[in-house]
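Undergrad:
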Amino acid sequence: YVIRLKGNFIFILEQQDGLKGVFYKNRIITQCIYEGITELGCYLLMNTPDGLIDVLYIDKEQIKLYEKFSSVTSISLKLNFLREKYTNSEVVIVAKNEKYGLICKGQLIAECLFDEICAINADPNCHILGSELSTNPLWFMFRKENKRGIFSTRGLMTEIVYDDVYVLDWKT
Numbered sequence: 009y010v011i012r013l014k015g016n017f018i019f020i021l022e023q024q025d026g027l028k029g030v031f032y033k034n035r036i037i038t039q040c041i042y043e044g045i046t047e048l049g050c051y052l053l054m055n056t057p058d059g060l061i062d063v064l065y066i067d068k069e070q071i072k073l074y075e076k077f078s079s080v081t082s083i084s085l086k087l088n089f090l091r092e093k094y095t096n097s098e099v100v101i102v103a104k105n106e107k108y109g110l111i112c113k114g115q116l117i118a119e120c121l122f123d124e125i126c127a128i129n130a131d132p133n134c135h136i137l138g139s140e141l142s143t144n145p146l147w148f149m150f151r152k153e154n155k156r157g158i159f160s161t162r163g164l165m166t167e168i169v170y171d172d173v174y175v176l177d178w179k180t
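Under this note's numbering, residue 180 is the last one in the sequence shown; the count climbs by one each step, no gaps.
#1: Count the other CB atoms, across all protein chains shown, that sit within 10 Å of the CB of Glu106; report buried if there are 16 or more and exposed otherwise.
#2: Measuring alpha carbon to alpha carbon, tell me which of Trp147, Asp123, Leu146 ends up nearest Lys155.
#3: Within a Cβ cutoff of 7 Å, which residues of the same chain sit near Cys50, ignoring the five residues on either side of it in sequence?
#4: Rounding to the nearest angstrom, what Cα-Cα distance links Gly138 and Ile11 in this structure?
#5: Could you pull the start and end residues of the beta strand (DSSP E) that Arg12 belongs to?
#6: Could you check the C-alpha separation between Ile101 and Leu146 for me, to the nearest Å?
#7: In its own chain, which residues sit with a C-beta less than 6 Å from the C-beta of Phe31, not counting the 5 before and 5 after it?
#8: Does DSSP put Gly157 in a helix, a strand or coil?
#9: Please return the same chain residues whose Cβ sits closer than 7 Å to the Cβ of Cys112, not counting the five positions on each side in sequence.
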């Protein structure tokens with residue numbers, strides 16, 4: 009069968025034993041070693057026979073494979089002041105050995121070293137003051153050993169030394 013991911017047609021191959029693989033741009037990206045392949049935003053989640061999840065990111069410029077996660081979840085923010093839910097298809101939280109990391113636009117921007125990562129409920133259209141960058145970051149609270157810090161999809165913004173992180177909702 010075929011999956012369309014970020015405008016690209018990706019072919020899922022299946023052997024007689026039911027194991028699946030990925031074919032893209034005239035080549036096999038992964039052998040038929042996966043029990044299941046599902047789409048999550050811009051990623052393919054591929055279930056290994058040992059119960060772990062490999063994550064594949066494909067776009068026109070790059071193909072990235074990250075292996076052996078115990079869970080992968082998408083980012084959803086409830087925007088109280090807009091009364092709607094915002095889901096980002098290019099950012100996922102990944103877990104290994106009960107520690108969490110972050111993949112953004114195919115790049116592992118935070119290794120699985122954190123006790124908790126959660127999206128901060130904020131307006132996805134907000135701007136960094138003085139920023140010249142065209143795309144806006146998403147913000148996260150990271151916790152490690154009961155200390156917290158703020159992180160964005162552009163990289164670490166604070167040290168992880170704070171007791172708590174609060175967001176002031178100035179739009180309500």
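Glycine residues also receive a C-beta, built at the ideal position from the N, C-alpha and C atoms.
TA: Reading off the structure:
#1: exposed
#2: Asp123
#3: Leu13, Lys14, Tyr65, Ser97, Glu98
#4: Its pLDDT being 38, under 50, Gly138 is placed unreliably by the model, and the measurement read from it follows with that caveat. So the alpha carbons of these two residues sit roughly 40 Å apart.
#5: 10 to 13
#6: 13 Å
#7: Phe19, Leu21
#8: The answer is strand: DSSP assigns Gly157 an E or B state.
#9: Glu98, Val99, Thr161
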